[in-house]
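Engineer: For the sequence shown, our numbering assigns the number 46 to the initial residue and increments by one for each residue that follows.
Dumping the structure here so I can ask a few things about it.
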Amino acid sequence: MIDSRTKLYGVIGNPVKHSLSPLLQNRMLAEFHINAGYLAFEVAPEDISGVISGMKSLGISGLNVTVPHKEKIVQYADEKSAEVGLLGVANTLKNENGVISAFITDPAGFLESLADRKKMFENAQVLLLGSGGSARSVAYSLGQLGIRQLVIANRTPDRAQQLAQAAVEVFHVPDAVAIPYSTQHVNKAISASQVIINATSAGLYPRISESPVAD
46 MIDSRTKLYG VIGNPVKHSL SPLLQNRMLA EFHINAGYLA FEVAPEDISG VISGMKSLGI
106 SGLNVTVPHK EKIVQYADEK SAEVGLLGVA NTLKNENGVI SAFITDPAGF LESLADRKKM
166 FENAQVLLLG SGGSARSVAY SLGQLGIRQL VIANRTPDRA QQLAQAAVEV FHVPDAVAIP
226 YSTQHVNKAI SASQVIINAT SAGLYPRISE SPVAD
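Put into structure tokens, the structure is as follows:
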């Protein structure tokens with residue numbers, strides 16, 4: 046039952062109206078008898094600067110952050126976790142007495158999802174498609190898995206090169222290179238790689254039937 050003490054949480058992104066997070070989160074809140082609600086807020090990129098002040102003025106207790114806001118939201122947070130400071134991306138905002146703190150759970154989630162499959166990364170060449178916020182979290186995690194080389198393909202070459210440099214200098218990946226996101230270069234990298242990771246928006250709503258690589 047919603048009352049004056051109900052806490053409000055949500056997810057921000059664009060697009061986000063399709064998100065199943067409210068269904069999942071509200072069901073869990075009800076299951077554990079937590080007086081809170083969870084909503085999806087579609088926020089345009091040009092409006093992202095107002096999210097933090099909105100959380101404070103409306104008393105929103107916390108937000109999850111998804112595409113395309115994971116990088117840009119960081120600059121507006123009052124406090125940042127060590128991993129957020131290192132990666133420059135965040136997917137969680139917490140409002141504690143008007144102080145908005147930014148956190149990132151993607152690296153831990155990525156590693157946890159591998160479960161007993163981590164051995165396949167040892168001494169492997171890994172092809173990473175994309176170089177946005179999710180790709181940064183993956184590259185950071187790969188530095189803990191003993192890979193041999195990271196190959197990064199992105200449609201914006203400068204971003205791929207910047208991530209490759211960060212992977213080696215900051216994330217402890219032994220070797221990383223950037224390649225053009227062309228069919229020729231990507232197919233060659235696919236043939237030479239033991240693991241391929243899609244960190245692009247291909248496959249996400251509304252591009253759910255789109256493949257990040259050519260058939």
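Ideal placement from N, C-alpha and C gives every residue a C-beta, glycine not left out.
1) Report yes if the C-beta distance between Gly-55 and Leu-74 is below 8 Å; otherwise report no.
2) Does DSSP classify Val-61 as helix, strand or coil?
3) Using 8 Å as the Cβ pair cut-off and three pairs as the minimum, do the stretch 169-186 and the stretch 120-140 touch?
4) Using only the heavy atoms of the ligand NAD, determine whether one of them is closer than 7 Å to the beta carbon of Arg-181.
5) Going along the chain, which residues of its own chain have a beta-carbon closer than 7 Å to the beta-carbon of Leu-208, five neighbours each way excluded?
6) By the DSSP assignment, the beta strand (DSSP E) with Val-231 in it spans what residues?
7) Quick check on the DSSP output: the beta strand (DSSP E) that includes Ile-145 runs from which residue to which?
8) Would you say the stretch 160-169 touches the stretch 105-125, given that touching needs at least three Cβ pairs under 8 Å?
Structural biologist: In short, the structure shows the following:
1) Along the sequence shown, one-based indexing puts residue 55 at 10. Along the sequence shown, one-based indexing puts residue 74 at 29. For Gly-55 and Leu-74, no; Cβs fall outside 8 Å.
2) As a working note, residue 61 is residue 16 in the sequence shown. Val-61: coil per DSSP, three-state reduction.
3) yes
4) As far as ligands go, the structure on display features none, and thus does not contain the ligand NAD.
5) Numbered from its first residue, the sequence shown carries residue 208 at position 163. So the list reads Ser-176, Ala-180, Arg-181, Ala-184, Ile-197, once near-sequence residues are dropped.
6) Taking the sequence shown and counting its residues from 1, one reaches residue 231 at position 186. Unbroken run through Val-231 is the alpha helix (DSSP H), 228-237; no beta strand (DSSP E).
7) Within the sequence shown, the letter at position 100 stands for residue 145. Start and end: 144-148.
8) no
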